[in-house]
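Student: Chains as they are written, first to last, in numbering that gives the first Met the number 0: chain A, 0 to 353; chain B, 0 to 353. Glycine is no exception: its CB is placed at the ideal position from the N, C-alpha and C atoms. One structure follows; several queries about it will come next.
Protein chains: 2
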Amino acid sequence: MRIAQVAPLAESVPPLLYGGTERVVAYLCDELVRMGHDVTLFASGDSETRAKLHAEWPTALRLGGHVEDPVAPHLLMLEHVMQQAEQFDMIHFHVAEIHFPLARRLPVPHVTTLHGRLDIPELAPLYREFSDVPVVSISTSQRTPLPHAGWAATVYHGLPADLLSFHPAPGRYLAFVGRISPEKRVDRAIAIARACRQPLRIAAKVDPADAAYFEREIRSLLDDPLIEYVGEIGEQDKDEFLGNASALLFPIDWPEPFGLVMIEALACGVPVVALRRGAVPEVIEHGASGFVVDTVDEAIEVTRRVAQLDRRQCRAAFERRFTARRMAEDYLRLYRKLIAHHPEPEQSEVAGAS
Amino acid sequence: MRIAQVAPLAESVPPLLYGGTERVVAYLCDELVRMGHDVTLFASGDSETRAKLHAEWPTALRLGGHVEDPVAPHLLMLEHVMQQAEQFDMIHFHVAEIHFPLARRLPVPHVTTLHGRLDIPELAPLYREFSDVPVVSISTSQRTPLPHAGWAATVYHGLPADLLSFHPAPGRYLAFVGRISPEKRVDRAIAIARACRQPLRIAAKVDPADAAYFEREIRSLLDDPLIEYVGEIGEQDKDEFLGNASALLFPIDWPEPFGLVMIEALACGVPVVALRRGAVPEVIEHGASGFVVDTVDEAIEVTRRVAQLDRRQCRAAFERRFTARRMAEDYLRLYRKLIAHHPEPEQSEVAGAS
Numbered sequence: 000m001r002i003a004q005v006a007p008l009a010e011s012v013p014p015l016l017y018g019g020t021e022r023v024v025a026y027l028c029d030e031l032v033r034m035g036h037d038v039t040l041f042a043s044g045d046s047e048t049r050a051k052l053h054a055e056w057p058t059a060l061r062l063g064g065h066v067e068d069p070v071a072p073h074l075l076m077l078e079h080v081m082q083q084a085e086q087f088d089m090i091h092f093h094v095a096e097i098h099f100p101l102a103r104r105l106p107v108p109h110v111t112t113l114h115g116r117l118d119i120p121e122l123a124p125l126y127r128e129f130s131d132v133p134v135v136s137i138s139t140s141q142r143t144p145l146p147h148a149g150w151a152a153t154v155y156h157g158l159p160a161d162l163l164s165f166h167p168a169p170g171r172y173l174a175f176v177g178r179i180s181p182e183k184r185v186d187r188a189i190a191i192a193r194a195c196r197q198p199l200r201i202a203a204k205v206d207p208a209d210a211a212y213f214e215r216e217i218r219s220l221l222d223d224p225l226i227e228y229v230g231e232i233g234e235q236d237k238d239e240f241l242g243n244a245s246a247l248l249f250p251i252d253w254p255e256p257f258g259l260v261m262i263e264a265l266a267c268g269v270p271v272v273a274l275r276r277g278a279v280p281e282v283i284e285h286g287a288s289g290f291v292v293d294t295v296d297e298a299i300e301v302t303r304r305v306a307q308l309d310r311r312q313c314r315a316a317f318e319r320r321f322t323a324r325r326m327a328e329d330y331l332r333l334y335r336k337l338i339a340h341h342p343e344p345e346q347s348e349v350a351g352a353s
Numbered sequence: 000m001r002i003a004q005v006a007p008l009a010e011s012v013p014p015l016l017y018g019g020t021e022r023v024v025a026y027l028c029d030e031l032v033r034m035g036h037d038v039t040l041f042a043s044g045d046s047e048t049r050a051k052l053h054a055e056w057p058t059a060l061r062l063g064g065h066v067e068d069p070v071a072p073h074l075l076m077l078e079h080v081m082q083q084a085e086q087f088d089m090i091h092f093h094v095a096e097i098h099f100p101l102a103r104r105l106p107v108p109h110v111t112t113l114h115g116r117l118d119i120p121e122l123a124p125l126y127r128e129f130s131d132v133p134v135v136s137i138s139t140s141q142r143t144p145l146p147h148a149g150w151a152a153t154v155y156h157g158l159p160a161d162l163l164s165f166h167p168a169p170g171r172y173l174a175f176v177g178r179i180s181p182e183k184r185v186d187r188a189i190a191i192a193r194a195c196r197q198p199l200r201i202a203a204k205v206d207p208a209d210a211a212y213f214e215r216e217i218r219s220l221l222d223d224p225l226i227e228y229v230g231e232i233g234e235q236d237k238d239e240f241l242g243n244a245s246a247l248l249f250p251i252d253w254p255e256p257f258g259l260v261m262i263e264a265l266a267c268g269v270p271v272v273a274l275r276r277g278a279v280p281e282v283i284e285h286g287a288s289g290f291v292v293d294t295v296d297e298a299i300e301v302t303r304r305v306a307q308l309d310r311r312q313c314r315a316a317f318e319r320r321f322t323a324r325r326m327a328e329d330y331l332r333l334y335r336k337l338i339a340h341h342p343e344p345e346q347s348e349v350a351g352a353s
């Protein structure tokens, strides 16, 4: 199948730093190529992919110095996609909704994966208008604020099966990975670790927007021999950091649309203790690959007995549900369905302009 | 003629507060209606216009509380414009470039007025790609960074002839109107006034982004009996504030694409002393409606003899070159030219989608 993948330009594919969307696009492209498909990736020029790369901007916008108008490069990319549209059997967008008025007029089957949170008031009337534009949620929970959107499927994210390795040993500490932000609730992770008298290692960055929160709410909590703040870690450090943990603590306080770090932990064989918000109960099977609880007190209770869970079951859950191969197969099934149901191009539809 | 005007949603048309684009769109709409045309305005719902208002968002985005995604309401508006496109003879956009990929596929004649500065690096490749999309500059100077854009005309802004009144008396002070920002150089205005030993009245707002600059560079300069800082003034105060001035000082240090306050001064019969940047030499006729100089020293020299200029000539320059009627006539001439040269819709062009 001739497939176009259209990525955001904020980060390269895959990203040098943080960027969940671009990481997933990278895994999807590479897996589709491995499966024999003809994949073209529209992305920033510093991307690295097994697909054919169409370099739409020299470098990722977040890294290439100050960019005053991040919309302009995306408009240029969308125009290029429109001009080449008829070369593809399927066009798969990952750029939120900026292409919706164009996509509606595409003569080629297309689909859009929504990677972010959708509980933003401005989005509701937009998705109601564009309810015929097929969109993919990354969890069922993510759909909640937009019941009128053109939901075509839910496709959970996946990681390459060999990206992270299974660590059978029981683990020596609790782990927290993420940004230090009010939504991620590292303060709850600290409270859980202290109540259980277990060491906690925190791998987290502090964005400038969260610096005041860090100073006001978090810094004093780190002054405890049980708590170790290791700062930001790179992708290459995750295997060791997660794999040597007894559990990942994920005590979030926001409607997390997916939560990649949960499946990274499972890939290492590490169970997840998480609060029931957003996609958590869809990703973690309570009592098998971790515990899904409603309060911090319950989290403390289950963390004390998390070693009872079989780490092989965690890895097995990853292999069954969260590999890049499974993700690519889900998307291919959806592509075929959308192609089969796509109307013949009418006179009133258009790709390249005169 | 059936004309659509598509305004930004940041401010209402006209704006309650600062918003040059929305003010000009308001004047243009009302003047076209006065001339007998059938005008439809796509804008925020709190706009007030003689045109038919299509309320595209309940209130101006800058005033209606925090808006997380200002692009979404604009996408929805563009979709509505596309669906109704065939009801118009001409669609006139004022929303920068977000509609370019759509406009290229419009079967209806259209034009876009660019209201902002264009020396942003991200814009050059975009305007090169879309060089067939007709755009209007608000000064010849504004075009400089984008020689490859699809320039169709330059149309200077205009004000309703009766918006501001002619003040024949010679004036009692120098005036400065604008934001307190490094580009506007109120410090130079103060230096000119002090060197001339003439009083200066400053009507200016301090945006949060410029608060540190104001404290660091400007506040101490205000401590002089010649200098009076009157704060922000509303539209209704401009007639008196500008009309009683001996001259408007406009010592800018940036490529100002037009400079509405210059023609407001002229409408009051007040000459302008300005530095030669951006549109200044196109708006001010040196030795007639003001002085256009290259240095602060020259500005001091000409300010001393600005009373020699005939205030009636300033008002006459306004009436000849900068009324809303002249602006509307320029646009109508351009609309007719674009309609005459517009290709018949082909099969590969489209308005409403299926």
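In the DSSP assignment, what are the bridge partners of L31 of chain B?
Tutor: Walking along the second sequence from the start, residue 31 of chain B turns up at place 32. DSSP lists no partner for L31 of chain B.
Student: With a threshold of 8 Å between beta-carbons, can H156 of chain A be considered close to chain B, or not?
Tutor: The sequence position of residue 156 of chain A within the first sequence is 157, counting from 1. Cβ-Cβ to chain B under 8 Å: no for H156 of chain A.
Student: How big is the Cα-Cα spacing for P133 of chain A and R116 of chain B?
Tutor: Here residue 133 of chain A refers to the residue found at position 134 when the first sequence is read from its first residue. Here residue 116 of chain B refers to the residue found at position 117 when the second sequence is read from its first residue. Cα-Cα distance, rounded: 37 Å.
Student: Got a sec: is the Cβ-Cβ distance from F41 of chain A to anything in chain B below 8 Å?
Tutor: Residue mapping note: residue 41 of chain A aligns to position 42 of the first sequence, counting from 1. Chain B, which has no Cβ nearer than 8 Å to the Cβ of F41 of chain A, makes this no.
Student: Strictly by DSSP, which residues pair up with P133 of chain A?
Tutor: Position 134 of the first sequence, counting from 1, holds the residue named residue 133 of chain A. BP columns for P133 of chain A point to A:G149.
Student: Reducing DSSP to helix, strand and coil, say where Q346 of chain B ends up.
Tutor: Here residue 346 of chain B refers to the residue found at position 347 when the second sequence is read from its first residue. With a pLDDT of only 48 at Q346 of chain B, under the threshold of 50, the placement of this residue in the model should not be trusted, and no figure is reported.
Student: With 8 Å set as the bound, which would you pick, yes or no: does the beta-carbon of L337 of chain A sit closer than that to a beta-carbon of chain B?
Tutor: As a first step, residue 337 of chain A must be located in the first sequence, where it is residue number 338. It does not: the Cβ of L337 of chain A has no partner Cβ on chain B nearer than 8 Å.
Student: Chain B beta carbons: is any one of them nearer than 8 Å to that of D209 of chain A?
Tutor: Here residue 209 of chain A corresponds to residue number 210 of the first sequence, with the count starting at 1. No, D209 of chain A does not count as interfacial toward chain B.
Student: For M81 of chain B, decide whether its Cβ has a neighbour in chain A, counting only Cβ atoms nearer than 8 Å.
Tutor: For the purposes of this step, residue 81 of chain B is identified with residue 82 of the second sequence, where counting begins at 1. Chain A contact via Cβ: present.
Student: Report the CB separation of L40 of chain B from V66 of chain B in whole angstroms; it is logged as a contact under 8 Å.
Tutor: Here residue 40 of chain B refers to the residue found at position 41 when the second sequence is read from its first residue. Here residue 66 of chain B refers to the residue found at position 67 when the second sequence is read from its first residue. Incorrect: roughly 21 Å between the Cβ atoms, too far for contact.
Student: What in chain A is Cβ-close to P72 of chain B, meaning under 7 Å?
Tutor: The residue labelled residue 72 of chain B in the question sits at position 73 within the second sequence. By Cβ distance, chain A contributes E121.
Student: What are the residues of the stretch 129-148 of chain A that lie near chain B, defined by any Cβ-Cβ distance shorter than 7 Å?
Tutor: Within the stretch 129-148 of chain A, no residue has a Cβ that lies closer than 7 Å to any Cβ of chain B.
Student: Candidates B:E227, B:G277 and B:F87: which alpha carbon is nearest I338 of chain B's?
Tutor: Here the question's residue 338 of chain B lines up with position 339 in the second sequence. For I338 of chain B, the nearest C-alpha among the options comes from B:F87.
Student: Can you tell me whether DSSP reads K336 of chain B as helix, strand or coil?
Tutor: Walking along the second sequence from the start, residue 336 of chain B turns up at place 337. Three-state DSSP puts K336 of chain B in a helix.
Student: Taking Cβ-Cβ distances shorter than 7 Å, what residues in chain A pair up with P100 of chain B?
Tutor: As a working mapping, residue 100 of chain B is identified with position 101 in the second sequence. Chain A residues near P100 of chain B: L74, L77, E78, M81 and L101.
Student: Where do the N-terminal and C-terminal ends of the alpha helix (DSSP H) with G242 of chain A fall, by residue?
Tutor: The residue labelled residue 242 of chain A in the question sits at position 243 within the first sequence. G242 of chain A -> alpha helix (DSSP H) spans E234 to G242.
Student: Quick check on T302 of chain A: does DSSP put it in helix, strand or coil?
Tutor: Counted from its first residue, the first sequence places residue 302 of chain A at position 303. Of the three classes helix, strand and coil, the one that applies to T302 of chain A here is helix, per DSSP.
Student: From the beta carbon of R104 of chain A, is the nearest beta carbon of chain B less than 8 Å away?
Tutor: For this step, residue 104 of chain A is matched to residue 105 along the first sequence. It does: the Cβ of R104 of chain A has a partner Cβ on chain B nearer than 8 Å.
Student: Going by beta carbon distance, what residues of the same chain come within less than 7 Å of F213 of chain A, once the five residues before and after it are set aside?
Tutor: By 1-based counting over the first sequence, the position of residue 213 of chain A is 214. Correct list, in chain order: I179 and V205.
Student: Ignoring anything shorter than 3 residues, give me the beta strand (DSSP E) runs that lie fully in the stretch 235-291 of chain B, in order along the chain.
Tutor: DSSP runs (the beta strand (DSSP E)) wholly in the stretch 235-291 of chain B: 244-249 and 271-274.
Student: By the DSSP assignment, the beta strand (DSSP E) with D37 of chain A in it spans what residues?
Tutor: On the first sequence, residue 37 of chain A is found 38 positions in, with the first residue counted as 1. Start and end: D37 to S43.
Student: Closer than 7 Å by beta-carbon distance: list the chain B residues that pair up with L125 of chain A, in chain order.
Tutor: Translated into the one-based positions of the first sequence, residue 125 of chain A becomes position 126. Correct list: A71, L74 and L75.
Student: Take every Cβ of the stretch 324-343 of chain A, pair it with every Cβ of the stretch 61-79 of chain B, and state whether three or more of those distances are shorter than 8 Å.
Tutor: With the cut-off at 8 Å, the stretch 324-343 of chain A and the stretch 61-79 of chain B do not touch.
Student: Interface residues of chain A around V66 of chain B at Cβ under 7 Å?
Tutor: Here residue 66 of chain B refers to the residue found at position 67 when the second sequence is read from its first residue. By Cβ distance, chain A contributes E121.
Student: Leaving out five residues before and five after R171 of chain A in sequence, what residues of the same chain have Cβ atoms less than 8 Å from its Cβ?
Tutor: Taking the first residue of the first sequence as 1, we reach residue 171 of chain A at position 172. Closer than 8 Å at Cβ, skipping near neighbours: P198, N243, A244 and S245.
Student: At a CB-CB cut-off below 9 Å, which residues of chain A make contact with E96 of chain B?
Tutor: Position 97 of the second sequence, counting from 1, holds the residue named residue 96 of chain B. Neighbours of E96 of chain B on chain A, chain order: D68, V70, A71 and L74.
Student: DSSP three-state call for M326 of chain A: helix, strand or coil?
Tutor: To locate residue 326 of chain A, count along the first sequence from 1; it is residue 327. Helix.
Student: Beta carbon of E281 of chain A, beta carbon of S138 of chain A: below 8 Å?
Tutor: On the first sequence, residue 281 of chain A is found 282 positions in, with the first residue counted as 1. On the first sequence, residue 138 of chain A is found 139 positions in, with the first residue counted as 1. In contact: E281 of chain A and S138 of chain A (Cβ atoms closer than 8 Å).
Student: Helix, strand or coil for L8 of chain A? Go by DSSP, reduced to three states.
Tutor: Within the first sequence, the letter at position 9 stands for residue 8 of chain A. Reduced to three states, the DSSP call for L8 of chain A is coil.
Student: What are the residues that DSSP puts in a beta bridge with M89 of chain B?
Tutor: Residue 89 of chain B sits at position 90 when you count from the first residue of the second sequence. B:I2, per the DSSP bridge assignment.
Student: Rounded to whole angstroms, what is the Cα-Cα separation between H109 of chain B and M89 of chain B?
Tutor: Here residue 109 of chain B corresponds to residue number 110 of the second sequence, with the count starting at 1. Here residue 89 of chain B corresponds to residue number 90 of the second sequence, with the count starting at 1. Each residue's alpha carbon lies about 5 Å from the other.
Student: According to the neighbour-count rule (16 or more other Cβ atoms, all chains shown, within 10 Å of its Cβ), is E85 of chain B buried or exposed?
Tutor: For the purposes of this step, residue 85 of chain B is taken as the residue at position 86 of the second sequence. That one is exposed.
Student: By the DSSP assignment, the alpha helix (DSSP H) with H79 of chain A in it spans what residues?
Tutor: Reading the first sequence from its first residue, position 80 is the one you call residue 79 of chain A. Taken as a continuous stretch (DSSP letters only), the alpha helix (DSSP H) holding H79 of chain A covers V70 to Q83.
Student: Tell me whether the beta-carbon of M261 of chain B lies closer than 8 Å to the beta-carbon of I283 of chain B.
Tutor: Here the question's residue 261 of chain B lines up with position 262 in the second sequence. Here the question's residue 283 of chain B lines up with position 284 in the second sequence. Taking 8 Å as the Cβ cut-off, M261 of chain B and I283 of chain B qualify as a contacting pair.
Student: Name the two residues that bound the continuous alpha helix (DSSP H) containing F317 of chain B.
Tutor: To locate residue 317 of chain B, count along the second sequence from 1; it is residue 318. Per DSSP, F317 of chain B belongs to the alpha helix (DSSP H) from R310 to R320.
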